Structures are given as structure tokens and as C-alpha cells.
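Everything below concerns the one structure shown next.
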Amino acid sequence: MAFNSKSALFALLSAALAAAYTGTAVPDALGTTPCPVQCTPVTDYHVALPVTLFPNGENCCTEVNVQYNGVSIAVTFTDLYLAGANSENISLSHQAFAELAAPELGSITPVTWDFA
Ligand SMILES: *[C@@H]1O[C@H](CO)[C@@H](O)[C@H](O)[C@H]1NC(C)=O
Numbered sequence: 547m548a549f550n551s552k553s554a555l556f557a558l559l560s561a562a563l564a565a566a567y568t569g570t571a572v573p574d575a576l577g578t579t580p581c582p583v584q585c586t587p588v589t590d591y592h593v594a595l596p597v598t599l600f601p602n603g604e605n606c607c608t609e610v611n612v613q614y615n616g617v618s619i620a621v622t623f624t625d626l627y628l629a630g631a632n633s634e635n636i637s638l639s640h641q642a643f644a645e646l647a648a649p650e651l652g653s654i655t656p657v658t659w660d661f662a
């Protein structure tokens, strides 16, 4: 019984880990465009995700967990990152980036991100 539930938990964790993305995060990058839908409520904590992963704005307005250096933040997926095409790089809002690192750094890596 205990073994089975542990296996189930492990399978779940593996699935969750496999679904996570890893890339570089930059604050307020150029080359983003808003999601096809307007996300409400408007928040200062948002992220632009690579357009090639969500070409039709799939998952727009959902919450994304972003982790860097042991710190995790939740941000809203509001924009598509055109300049991040074919990568797993992300562009965080200035406020969100500041939660993870000093804005002067300009970019941080590796950043892992996944849907909450
Ligand atoms: C993704 O970030 C890396 C730096 O870690 C950079 O070398 C690469 O050019 C970036 N890719 C895109 C498409 O922006």
C-alpha cells in the first residue's frame, strides 16, 4: 500500500518535472506581443512565453510558476515572446524579475518554469 502510493507520487512528480521548461529570463524584453485574449485582472507580475511553444496563445492568462536559485514566484502568462522563439527563454515583467534577482543583472539562468 505504502509502496503503491509512493510509486504513484513518483510518477506524478516525474510527469510534473518532465513538463517543466528551462531557459533564461530577462526583464521586460523587447519583442513581445500581447496574448490574443486580454487577461484580467491586470497584474504587474506577468510573463511572456516563447511564441513557438504557444503559437495560438494556448494557456494564455494562466498562472506560471517561475523558479530561480531556490526562489519561486507565480506570474500570469499575458504575452507571447516573439524574440524568444525556438527557446524556453522568458521575459518577466520588471516587478516579477525583481523578486528573483537584481534587475541590473539583465538576465538570469537557469530559470525553470511550469504551469501552476
Ligand atoms: C536564450 O537564452 C540564451 C542565453 O542563456 C541565449 O544564448 C539564446 O540566444 C536565447 N534564445 C533566444 C531565442 O532568445
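My numbering puts the first residue of the sequence shown at 547, with every later residue one more than the last.
Heads up, the beta-carbon is just placed ideally off N, CA and C, and yes, glycines get one too.
Source: prediction; values computed, not measured.
Looking at the structure shown, is serine 560 part of a helix, part of a strand, or coil, going by DSSP?
Low confidence applies to serine 560: its pLDDT is 49, below 50, so where it sits in the model is not reliable, and the reading given next is rough at best. Correct three-state label for serine 560: helix.
Compute the Euclidean distance between the alpha carbons of leucine 638 and leucine 599, then round it to the nearest angstrom.
Distance between the alpha carbons of leucine 638 and leucine 599 is about 16 angstroms.
Can we count serine 639 as close to ligand 1, meaning its CB is less than 7 angstroms from some heavy atom?
It does not: the Cβ of serine 639 is nowhere closer than 7 angstroms to a heavy atom of ligand 1.
What are the start and end residues of the beta strand (DSSP E) that includes leucine 628?
Taken as a continuous stretch (DSSP letters only), leucine 628 belongs to no beta strand (DSSP E), as it is neither H nor E.
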